[in-house]
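Protein sequence lines correspond, in order, to chains A and B. Okay, so the first sequence: first residue is 1 according to this note's numbering, each after it adds one. Okay, so the second sequence: first residue is 458 according to this note's numbering, each after it adds one. Comments concern the structure below.
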Amino acid sequence: MHATSSIRETLITGGKTVRDVSEDISRQVEAKPTRLWWIAFGISLILFIYGLYCFVLLLWEGIGIWGLNKTVGWAWDITNFVWWVGIGHAGTLISAILLLFRQKWRMSINRAAEAMTIFAVICAASFPLAHMGRLWLGFYWALPLPNTFGSLWVNFNSPLLWDVFAISTYFTVSLVFWYMGLIPDFAVIRDRAVRMGHKTRATIYNALSFGWDGAAKTWMRYESVALILAGLSTPLVLSVHTIVSFDFATSVVPGWHTTIFPPYFVAGAIFSGFAMVLTLLLVTRKVFKLEDYITIYHIELMNIVIIITGSIVGIAYITEFFVAWYGQVPAEFYAFYNRATGPYWWAYWSMMTCNVISPQLFWFKKLRTNIVATFILSIIVNIGMWFERFVIIVTSIHRDYLPSSWSMFYPTKYDVGEYIFTFGLFFTAFFLFAKFFPVINMAEVKSIIKSSSEKKH
Amino acid sequence: MSNTKKTYWKGIPQLKNDPQFVQHADKEFVDLGVQEDPGHSRRDFLKMMGFSVAAASLAACEAPIRKAIPYINKPLDADPGIPNYYASTYTQGGNYCSIVVKVRDGRPIKVDGNSLSKITLGGTNAQVEASVLSLYDNYRSRGPKAGEKATEWESIDKEIIAKLNDISSKGGQIRIVSNSILSPSTKAVLEKFKAKYPTTKVVQYDPVSNYGIVKANLESFGAAIVPSYDFSKAKVIVSIGADFLGTWISPIEFAKQFAVNRQINEDQREMSRLYSFESNLSLTGANADYRAMIKPSQEGTVVAQLYNILSGNDSKSEIANLTKAAAELKANQGASLVVSGSNDKNVQIVVNAINNLLGNYGSTILTNAPVNFRQGNDEEMSAFIAEAKAGNVGGVIFYNCNPVYDHPQGEILAESLSKISLTVSTSATPDETASLSGYQTPDHHYLESWGDAEPKLNSFSLSQPAISPLFKTRQAQESFLTWAGESTTEYFTFLKEYWMTRFYNSGSGVSFQNFWDKCLYDGVFEIPTTAQPLTFSGNVSAALAGLSAAKSGGQFELSIYESVGIGNGAQANNPLLQELPDPITKATWDHYVTISQKDANALGIDNDAEGRTQLVTITANGKSVKVPALVQPGQAPGTLGIAVGYGRTKVGKVGENIGVNVYPLVTAAGDSLSYSALDVKIEKTDEAFQIAQTQIHQTYMGRHNVIQESVLSEFKKDPYAGREMPKITKWDEKVDASTLSLWKGHDYNNHHWGMAIDMNSCTGCAACIVACNVENNVALVGKQEVINRREMHWLRIDRYYSNPAGTDADDLQGLEKVAENPEVVFQPMLCQHCNNAPCETVCPVAATTHSSEGLNQMTYNRCIGTRYCANNCPYKVRRFNWFKYHDNQQFYQANPAMNTDLGRMVLNPDVTVRSRGVMEKCSFCVQRIQSGKLNAKKERRTLKDGEVVTACQAACATGAIVFGDLNNPESRLSQLLKVDHFKEVEKDGKVEKVINYGIDKKIGNPRAYRVLEEIGVKPNIFYLTKIRNKDKATENV
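Written out as structure tokens, the structure is:
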């Protein structure tokens, strides 16, 4: 008896040669930016500048310009923080875990996904910074630095401190991993620049590629470092969002104090991250005409990940409700009752619709291989995941133990402005990246195209 | 052999043995002697330039220069940093309180009650506590003014005297108009003035009049008095619209007396019972055991029926609770009390008859100790205004009053003032009356003044200045003396002489100076009363006839009341009172009309949880006002309630134009003013308004881990009645919630601070909130920030209403609804100083930590403002500085104490003014604990119980708050809570009793519980269950 496996679908279509790959990808970097790019970049920059104004005003006037109050101490700030961190997770999952599992389909998407991770983590980090009452002191007092304040040091019991470690580690490892992967591709651009006699570009990309020589030994080292970093990043995919969930899980607030949070947050992070990768890639694919590299097959696989993680999240929501009822703790039960029927019922049901019901549409092959449907659903999922964090944070604390303190949270234009700030930052950075850095990992993609000898003529 | 060794030369010079070479032979690198310029290298140049640029730019940043100037001649007893305390007296608009003023570095910064006073017994209320800030009011007059022109005292005196002489010589009438004058020496001063100008008459009135009582007593007893009441002797109290715990006659005194019979324990299972019949939900009604809603027009009916039942003319009444109340009154003859807030003479005569029937005179009502707070005579005041209108008054001096604002006929008076040739106001601020007067001769603030008072017959009280006058003001008595031609006599000398002649007994063997010093030190002085109780001889049937002839009301009736915070409006410019949440409505900075839910529905008024509502037009007595409507549970259907004290137009930035003035809605009914209007029209407008409330959820949602309450009948059977003992389920058994913990706990080897709050004695009067604000420099934030739910109060009073009868405990939506006539519970809520504090573990920078004495302490300068602690606080008592509340123009109006040079003088130097971006909360007045400990240390002894008193405890008139050391078995707190100071420890197989310094001391008081016991944070504050004196619990949840 023997098993036969079906021939897998080609990952790169269009009969690309090694030369084609270099040409297609480097062209974006070398050519003048297109009109479309300018428009997109311009909008992002405007958003960024407006956001920056809101940010500066926040520092100037105080946290009071947000809509927070004595009862609701966190709202959009930490919602956005968790949302962005979650988004970042897909990049790491794609580049690290899928690398370890030898999922070659990841190769054409990991570069952009990792870039997304880096920018998302930067956006995420801006919120814990912005939300501090005294940022000018907080940004370094929260670090365990040796100081002359006597016995004063950080409090290792605080989940916020764990966040500091988790996020900074995550950011560092992701950045190194991403940059590592860029080095051979920078060398390609440099080599092409030398050939084309473009001196400045050659110098810049030579520096960026750290003088990559493409020798076999260099490649060998490159591969090992990539594997080691993948090994390092893999636990981070699980740990970072676990630690973020501890901000809530270790508290006494009904609705936060839940042991289910770590796995539920991680699944949610991957869920939202894949949705964001899809949103970005579908646009990039179109703008840079990369249909042969990012194929329907890629999109379908990612949609499958979305169904799985979406279902995990859905089960988690239901489990929370079951436990709230089964536990018979009045405050806990009320917190969940209030989520579904209280003044923020609309947020809860938006979350349920976007996160639990809508991804189930991907059971239909027609939908999960349809670009437009995927694009719309990817945005819906991210809206749903934003509401998930909002629901957890705001609806839990706005009505906790003492009814005398129950109150509502209404966002101000500066809450929105701070969110816009991160969108501006994210897209400005992403468009700069897409213009000046190779958006697809040429070196890796070259390893999975069919060699010219296999090609039909 | 030696010759065979080769020699290598370093060069020709070595071979030649050049002397210059030999000299440097040991150096590896030869210095060729060519010296470069040793002065400055390029690096040096850069360094120096860098330094100079840095130094120059640093020098350009001007450092603020702060001067500390030492005393050249240090005043006696004034030590920098050490407070002095002076006994004094607060009298204002018919209110009285004996006080102790805390003076730090020459500035009064806090007012406390004087426990030596037999009247107020050390209690205060919100207005008294707040009055210290009025001293530093920016709106105060800076000096005398003739018309609009600032002038000097000499010239203004000359002008006034000349005019007085002119009027007097022509036989023109001179009037001195004042609120009740409590001061006997002032009366003597006025006599001198009268002697000089014989056409002078003193007219006394009070903004909120009790003339009906005076008049009734004149007819019942032949004496125009307001008697003293003693609620502590009453077992059954019936209040018909008299808010004696909030505003009626002498609320501090009454609250003290009332509390005596409300404190119960296992050994003392009896308490007084309070019946309330009223239309607005007042503080008294909120504390009543049985409360019935009546319309103002029914007040007469209630007293008449009560009289008829008691006198046997009738057997029962249709008014809820009245038959029952009558029966109990009858059963407690001589130990009961019936009071009415009505200003109708006939009602008060019947009330007198009822009390006489019950034998309450001599026990709970003392006619031989009449009070002087309310001597106001409505008839004389009306007569004066009529005279003024007719142009028959030659000169008027307004002393300590503001009738243009606070008299119903103020408008007429304002118009008539131009007809009077001499108008003088001694008001300390250019208020509504002063600004219309020809001369403003501003009086001192009471904290700058000398004075005395006779609040009750033969009980005296002294005032002394706690600071030298801030402005060029002059004490009114001195002005009167000057105008009376006694310009050489200082009022202080006059006062002293008055006391010498009146009170000093030269045969007592004490020198007058010693006698005076003692009186001044104590602040109070009493002489034995010889007056005999009066006998009742009123004409009840005439009064009853008068009552039955009274008009019945229209569709809506209006009841005009004094609010606990703003009172009669004299202190409307005090932001402490404006931002003080009304004990019942929890509204701040706003004026509103209260309306029942039923009527609001009928009128289509939608007052939602966020305080959003519509303006309504109210027309009463031919006058209309437009105010927002506030739906008030407990408001009798068909009635509206509105407070006086708002709508001031000339009061200063803080209180100006908040609300409307409703004094004009008060009418004369018979001889006295009536604070109700019986036929009122209300019309809804479409104008939206948002009322700023500090609490927007009204019920406690059936959460018995928050509020534990029961009724006396249950308590008698089981002192644990109403207690909920939460259990936690382990895998095999259920255990007490407090026995499980992840934490190791703490050992407090010295002190272990704790607090007990008796929800039975707490009346919700809110004096503690103001006291806390003043003591701890708590920022005031203004209306918009209260709407944003960001008030900074460290201590708040949670007020919960009960649900409609029959609400199912599982009906979570039904639990949000409020009964039509709810039971009310007050729960002062402040930092619980948890032993396992959830805020401490989550702070990333350890800015909030645990002290070795059980305090949860906040280190402001370490805080980075993540607000995680506030989110994780189950009690939501942490307050964040959303903005910079000090030195910020944005908060100038709301928070003058931190934004004006004058206001800043009130700040307590022992407490940091918090900066933007940091968290703050109750510290258990750690500055007081520290100073208490330091004093004890200096005297080489341990701290005694009662030496450290928190500001809230000191302010609490009913003694509901007890702070102390849980480690000290002698402390009042330990005894109240019945703390077991020992624990059993197994040692070598034997069980030994050792002293328990830990956090888990056993509490023996069956009423004591910790809020949210089951979450295991183990607070150091214990609450004592609320016990209502009811026969059986209502079916409310």
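For each residue, glycine too, the CB sits at the ideal point set by N, CA and C. On a predicted model such as this, the values are computed, not experimentally measured, just so you know.
Query	Result
Going by DSSP in three states, M505 (chain B) sits in which element: helix, strand or coil?	helix
Along the chain, where does the alpha helix (DSSP H) containing D415 (chain A) start, and where does it finish?	413-436
By DSSP, does Q584 (chain B) sit in helix, in strand, or in coil?	helix
Between M458 (chain B) and chain A, is any beta-carbon pair separated by less than 8 angstroms?	Low local confidence applies: a pLDDT of 49 at M458 (chain B) is under 50, so the model's placement there is unreliable, with the coordinate-based value given in what follows. With 8 angstroms as the cut-off, M458 (chain B) does not count as an interface residue toward chain A.
Would V1494 (chain B) count as contacting chain A if we go by Cβ distances under 8 angstroms?	Residue confidence for V1494 (chain B) is low, a pLDDT of 38 falling below 50, so the modelled location carries little weight; the figure read from the coordinates is stated next. V1494 (chain B) does not count as touching chain A.
For the 8 angstroms Cβ check, are there 3 or more pairs between the region 86-98 of chain A and the region 115-132 of chain A?	yes
Taking S936 (chain B) as the reference, which of B:I1478, B:P601, B:V1405, B:Y1177 has the closest Cα?	B:P601
Going by beta-carbon coordinates alone, are T279 (chain A) and V439 (chain A) separated by less than 8 angstroms?	no
Which residue's Cα is closest to the Cα of M1158 (chain B): B:E844, B:L1269, B:G1109, B:Y1103?	B:L1269
Got a sec: is the Cβ-Cβ distance from L1033 (chain B) to anything in chain A below 8 angstroms?	no
What are the residues in the region 50-68 of chain A lying within 9 angstroms of chain B by C-beta distance?	E61, G62, I63, G64, I65, W66, G67, L68
Measure the beta-carbon distance from L1072 (chain B) to F1146 (chain B) and round it to whole angstroms, keeping in mind my assumption that it falls under 8 angstroms.	5 angstroms
Under DSSP, the beta strand (DSSP E) around P1353 (chain B) begins and ends at which residues?	Counting along the chain, P1353 (chain B) falls outside any beta strand (DSSP E), though it belongs to the alpha helix (DSSP H) covering 1353-1356.
Suppose you measure from the CA of S1009 (chain B) to the CA of V759 (chain B); what does that come to, to the nearest Å?	13 angstroms
Would you kindly report the start and end of the unbroken alpha helix (DSSP H) that includes E1014 (chain B)?	Element bounds for E1014 (chain B): not the alpha helix (DSSP H) but the beta strand (DSSP E), 1013-1019.
Tell me which residues of the region 1298-1326 of chain B have at least one Cβ-Cβ distance to chain A shorter than 8 angstroms, keeping chain order.	T1298, V1299, C1300, P1301, V1302, A1303, R1319, C1320, I1321, G1322, T1323, R1324, Y1325
Using 8 angstroms for Cβ pairs, my map puts V631 (chain B) next to S625 (chain B). What's the rounded Cβ distance?	Correcting the residue identity first, residue 631 (chain B) is Ile in this sequence and not Val. Indeed they touch by this definition, with Cβ atoms about 7 angstroms apart.
Listed in chain order, which residues of the region 1255-1270 of chain B have Cβ atoms closer than 8 angstroms to some Cβ of chain A?	D1255, R1256, Y1257, L1269, Q1270
Sort B:K1138, B:K504, B:K846, B:Q1152 by Cα distance to L402 (chain A) and report the nearest one.	B:Q1152
Cβ of S407 (chain A) less than 8 angstroms from any chain B Cβ?	yes
Out of curiosity, what's the CA-to-CA distance linking W241 (chain A) and I167 (chain A)?	The amino acid at residue 241 (chain A) is misidentified as Trp; the sequence shows His. Taking the straight line joining both Cα atoms gives about 9 angstroms.
Alpha carbon to alpha carbon, how far is Y1177 (chain B) from V1282 (chain B)? Give it in angstroms, no decimals.	18 angstroms
Can you tell me whether DSSP reads S635 (chain B) as helix, strand or coil?	strand
Closest Cβ-Cβ distance between V154 (chain A) and chain B: below 8 angstroms?	yes
Using three-state DSSP, classify Q1314 (chain B) as helix, strand or coil.	strand
Quick check for students: name the residue ranges of the beta strand (DSSP E) that lie wholly in the region 891-937 of chain B, counting only runs of 3 or more.	908-913, 916-920
Identify the continuous beta strand (DSSP E) that holds S1439 (chain B) and give its terminal residues.	What sits at residue 1439 (chain B) in the sequence shown is Phe, not Ser. Run containing F1439 (chain B): 1439-1444, per the beta strand (DSSP E) assignment.
Return the Cβ separation of S797 (chain B) and V808 (chain B) in integer angstroms, given the expectation that the two are a contact with Cβ distance under 8 angstroms.	5 angstroms
Find the residues of chain A that neighbour E1067 (chain B), judging by a C-beta separation of less than 8 angstroms, and give them in chain order.	M408
Contact check, D185 (chain A) vs N441 (chain A) under 8 angstroms by CB: the rounded distance?	7 angstroms
Checking 8 angstroms against the spacing of the C-beta atoms, do T545 (chain B) and G980 (chain B) come in under that value?	Note that residue 545 (chain B) corresponds to Ser in the displayed sequence, not to Thr. Yes, Cβ-Cβ distance for S545 (chain B) and G980 (chain B) is below 8 angstroms.
For a contact defined as C-beta to C-beta under 7 angstroms, what are the partners of Y1157 (chain B) on chain A?	P403
Does the beta carbon of Y414 (chain A) sit closer than 8 angstroms to a beta carbon anywhere in chain B?	no
Under a Cβ-count criterion, where at least 16 other Cβ atoms within 10 Å of its own Cβ denotes burial, should V391 (chain A) be classed as buried or exposed?	buried
For the beta strand (DSSP E) that C1326 (chain B) lies in, which residues bound it at each end?	It is not in any beta strand (DSSP E) - C1326 (chain B) instead sits in the alpha helix (DSSP H) that spans 1325-1329.
Tell me whether M458 (chain B) sits in a helix, a strand or coil according to DSSP, three-state version.	Below a pLDDT of 50, predicted positions are generally treated as unreliable, and M458 (chain B), at 49, falls in that range; no measurement from the model is reported.
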